[in-house]
Amino acid sequence: MLRNIKILRWLIFLLLLMNMVTIGTIVYHQYQEKKMAGNIRISTPSGTNLLNGRYCRQELGFTAEQMDEFRGINQQFRPATMELTWRIDSLKEEMYDQLTGPAADTASLNRLSAEIGELHGRLKYETYRFYIQLKEISNKDQQVKLANAFKPLFKNETVSAPGLHRQGPGWKRNQP
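Okay, here's the thing in structure tokens:
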């Protein structure tokens, strides 16, 4: 009888421990997902920069008041751009399926191409509005750092002097 009680106590202890670990894991993953949802990725040739609250606080040196304004601006920008990006990616996938299928429908490809272009234009519109709003809440030093963070979105580093096209596979010098 005493032995059975000891075994039951250990089982209860193990079950409680497992429940605590499970709950901790769930909370941790929710925190990670929430943290990643607030990130804006800016791709550069040297990697990807994340424009998030931490970046604004640490790299730009935003004050608490600026961070409050950033959060408001970001809450408007992020959902709009996430939706646009998802739609662009879906259309690109549809275009790829069309291209790799047995017979590509050029009318459908033209429609997809035009729709991707329109959505990409809207994405650039949302991005420049976001930039302007961040610039308005930044001081001069922060504006310089902000410009450098956004540079890869608006200025292609691989385009060089006249007579040269983009560098990389498939791109060549203009020959006179």
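Just so you know, we're using the numbering used here here: the sequence shown kicks off at 1083 and counts up by one.
Just so it is clear, CB atoms sit at the ideal spot from N, CA and C, and this is done for glycine as well.
- Boundaries for Phe1144: no alpha helix (DSSP H) harbours it, and the DSSP string shows neither H nor E there.
- Under the criterion of beta carbons closer than 8 Å, Arg1169 and Leu1201 qualify as touching, at roughly 6 Å.
- Under the Cβ criterion (8 Å, minimum of three pairs), the stretch 1175 to 1188 does not count as touching the stretch 1209 to 1229.
- Per DSSP, Lys1227 is one residue of the alpha helix (DSSP H) stretching across 1222 to 1236.
- Look at the beta carbons and you see the stretch 1135 to 1146 not touching the stretch 1172 to 1179: under three pairs across the two are nearer than 8 Å.
- In this structure, the CA atom of Asn1221 is about 18 Å from the CA atom of Asn1156.
- One thing to note: Leu1166 has its Cβ within 7 Å of the Cβ of Leu1205.
- Straight through space, the alpha carbons of Leu1084 and Leu1098 are spaced by roughly 21 Å.
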